[in-house]
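Chemist:
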Amino acid sequence: MTQSRRVLVIGSGGREHAIAWKLVRDGAEVLVAPGNAGTAAIAENVPLTGDDIPALVALAQSRAIDLTVVGPEAPLVAGIVDVFTAAGLRIFGPTAKAAQLEGSKLFCKQILHRGDVPTAMFEEFRSIARAREYLLAREDVPVVVKADGLAAGKGVFVCKDRSAAVAALDTLSSDPQFATATTGILIEERLDGIEVSVMAITDGRTIITLPPLQDHKAAYDGDEGPNTGGMGAYCPTPFVGAELLTEIESRILVPTVHALRRAKVPFQGVLYAGLMLTAQGPKVLEFNARFGDPECQSLLVRLESSLLELFDAATDRRLDSVEPPVWCAGASAAVVMAAEGYPGPIEKGRPIRGLLAAAGVAGVQVFHAATRSVAGAVVSDGGRVLAVTALGDSLAKAKLQAYAGVREIRWQGAWCRKDISDKALAFEWATAADAFDPDGTPDSIATDAGGDTMLGVGQ
Ligand code: AMP
Ligand code: GLY
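In the working numbering, each residue carries its 1-based index in the sequence shown increased by 76.
1. Below 8 Å on the Cβ atoms is my contact criterion, and I expect Q373 with R91 to pass it. Report the Cβ-Cβ distance as a whole number of Å.
2. Closer than 7 Å to a non-hydrogen atom of the ligand AMP - does that hold for the CB of M307?
3. I'd like the span of the alpha helix (DSSP H) that includes K359, first residue to last.
4. I want to know whether the region 360-380 touches the region 166-179 - three or more CB-CB distances under 8 Å.
5. Please list the terminal residues of the continuous alpha helix (DSSP H) segment that includes G90.
6. Indicate whether A335 and G231 have their beta-carbon atoms separated by less than 8 Å.
7. Looking at V455: is its Cβ nearer than 8 Å to the Cβ of G481?
8. For G537, does the three-state DSSP call read helix, strand or coil?
9. Using only the heavy atoms of the ligand GLY, determine whether one of them is closer than 7 Å to the beta carbon of N364.
10. So, helix, strand or coil for V533, using DSSP?
11. Cutting at 7 Å between CB atoms, please list the residues of its own chain near L245, excluding the five before and the five after it.
12. If you count every other CB in all the chains shown that lies within 10 Å of the CB of R214, and 16 or more means buried, which is it?
13. Run through DSSP, which three-state label would E423 get?
14. Does DSSP put L351 in a helix, in a strand, or in coil?
15. Counting along the chain, where does the alpha helix (DSSP H) carrying F183 start and finish?
16. The ligand AMP heavy atoms versus the CB of K222: any closer than 7 Å?
17. Leaving out five residues on either side along the sequence, give the residues of the same chain with a beta carbon under 6 Å from the beta carbon of A478.
18. With a CB to CB cut of under 7 Å and the five nearest residues on each side skipped, what residues in its chain are close to R202?
19. Determine, using beta-carbon pairs with one atom in the region 111-128 and one in the region 483-502, whether at least three such pairs fall under 8 Å.
20. Pick helix, strand or coil for P130, following the three-state DSSP scheme.
21. Would you mind stating whether E149 and L84 have Cβ atoms separated by less than 8 Å?
22. How do the region 122-130 and the region 162-170 stand: do at least 3 beta-carbon pairs fall below 8 Å, yes or no?
23. Nearest CA to the CA of A490: which residue from G89, D299 and G459?
24. Tell me whether the beta-carbon of E371 lies closer than 8 Å to the beta-carbon of L471.
25. May I have a chain-ordered list of the beta strand (DSSP E) segments no shorter than 3 residues that lie completely inside the region 391-452?
26. In chain order, what residues of the same chain lie with their CB nearer than 6 Å to the CB of I422, ignoring the 5 residues before and after it?
27. Excluding sequence positions up to five away, which residues of its chain have a Cβ less than 7 Å from the Cβ of D388?
28. Can you tell me whether DSSP reads V234 as helix, strand or coil?
29. Can G87 and G147 be called in contact, C-beta distance under 8 Å?
Okay, structure coming up:
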């Protein structure tokens, strides 16, 4: 058992609630800045946001925090890790330079190129006019138009033809929210296949690959409607069996970590690969520099061993000395309950009922994503409000329990996707027992060509 330690978690979403929940289970005393009504019930909320880095440094010093964990990407890209480290404070996450892997799609492509990591072919433009000329001069094929910088998930346009791509460029040039993100433009080959996510914890040298997941980015059932931050996730996904996970580790994750180190931007933190499983094998769509949300929730309910130990070891650059994490058998599903109107404009402040009843459903953890307490009541405070997460001894059971939890919860206008994990269930039914390994036996400790220890953790 870990001795009681004081850990600060930065962020206010379901991901941060799940991280705080797990750290408390690992024996830590946890502060969350700023947190939500869910984190207030298990930890101490401090009313500071991730962009107030000087105040967070002062908090870490005055409260003798011995490890800070950063949930969202914005403070990472803004350099919170650099500032904490310069102040002699321990912090888990990549530096501003390394977080450019998520913050700049062009930087990401350069690293992928350096590491010879499979990804979509692309062309890079420094002006929208040049990108338009290129589109008009070449064959009319499906492409993806991307703004280089962070654009809250809105700077990517998957286009079926040239006219849709030109329209995407028009949107990028006319909307002021893209002004800084469009100093670079990428036009990418559109990849077809199944999208999955594989995350790893790394200290810049050694990686621990986490069980593969699938997110549900589209707002509505059947992957219809606009893209969101994620409407649900499940873990593990049967689309990535043990063999494919090993391939993803050796062809994508390890070469990326090494390419970053060779570029003198060692990456410490969570490396999140958004992948397309194409007919030619897995290819990188994007990298994030942090846990996904709600992927993190469905991942952490399955983690039986200590998360704090993994964070500590990555921060101290001794991941090669830790035991591989232990995952509970079976599967998990996280269903996001959203406010009316999400991902468009929403109203906040709707009282939420049934949280206790939902928490009483077997296997269910209700992680708060955007809530706050008002006079003892929990009210909604954003678009994605809760992530109702359940464990089951099979994916079908995890899904059943998660939706049993959802049914207990009510507020005016609440809604969710009804089909979280259905693609996997259909695949499981279609392929039956021998096509994949549902127990996902943790596999080997392998050493790659660079001499670094690489822990393959299976599913
Ligand atoms: P990104 O932020 O780069 O991951 O893009 C957001 C979403 O756009 C991804 O989750 C994919 O669904 C889609 N996408 C991005 N790049 C491509 C691509 N080259 N081909 C097909 N879909 C893509
Ligand atoms: N759920 C997608 C993300 O966190 O980026």
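We put the CB at the ideal spot given by N, CA and C, even for glycine.
Modeler: In terms of the structure at hand:
1. At roughly 7 Å, the Cβ-Cβ gap stays under 8 Å, so Q373 and R91 are in contact.
2. Incorrect: M307 has no Cβ contact closer than 7 Å to the ligand AMP.
3. Careful: K359 lies outside any alpha helix (DSSP H), inside the beta strand (DSSP E) at G357 to N364.
4. As far as the Cβ criterion goes, the region 360-380 touches the region 166-179, which means the pair count is three or higher.
5. Looking at the DSSP string, the run of the alpha helix (DSSP H) that includes G90 is G90 to R101.
6. For A335 and G231, no; Cβs fall outside 8 Å.
7. No; because the gap between Cβ atoms is not below 8 Å, this pair is not in contact.
8. Since the first residue of the chain shown is 77 and the last is 535, residue 537 is not available in this structure.
9. Result yes, Cβ under 7 Å from the ligand GLY.
10. Any answer about V533 is weak, because its pLDDT of 38 lies below 50 and its placement is not dependable; what the coordinates show is given next. V533 sits in coil when the DSSP states are folded into three classes, being neither helix nor strand.
11. If we look at L245 and ignore the five residues flanking it on each side, its Cβ neighbours are I204, A207, R208 and V221.
12. Label assigned to R214: exposed.
13. Note: E423 maps to coil in three-state DSSP.
14. Note: L351 maps to strand in three-state DSSP.
15. For F183, the enclosing alpha helix (DSSP H) starts and ends at K181 to R190.
16. It does: the Cβ of K222 is within 7 Å (strictly closer) of some heavy atom of the ligand AMP.
17. Answer for A478: A409, V411, V464 and A466, listed in chain order.
18. Closer than 7 Å at the Cβ level, and outside the excluded window around R202, lie G260.
19. No, the region 111-128 is not in contact with the region 483-502.
20. Helix.
21. No; because the gap between Cβ atoms is not below 8 Å, this pair is not in contact.
22. With the cut-off at 8 Å, the region 122-130 and the region 162-170 do not touch.
23. It is G459.
24. Going by C-beta atoms, E371 is not nearer than 8 Å to L471.
25. Listed in chain order, they are 407-414, 440-444 and 447-450.
26. In chain order, A415 and G459 place their CB closer than 6 Å to the CB of I422, counting only its own chain and leaving out the 5 sequence neighbours on each side.
27. The residues are L143.
28. Strand, per DSSP.
29. Contact flag set, yes.
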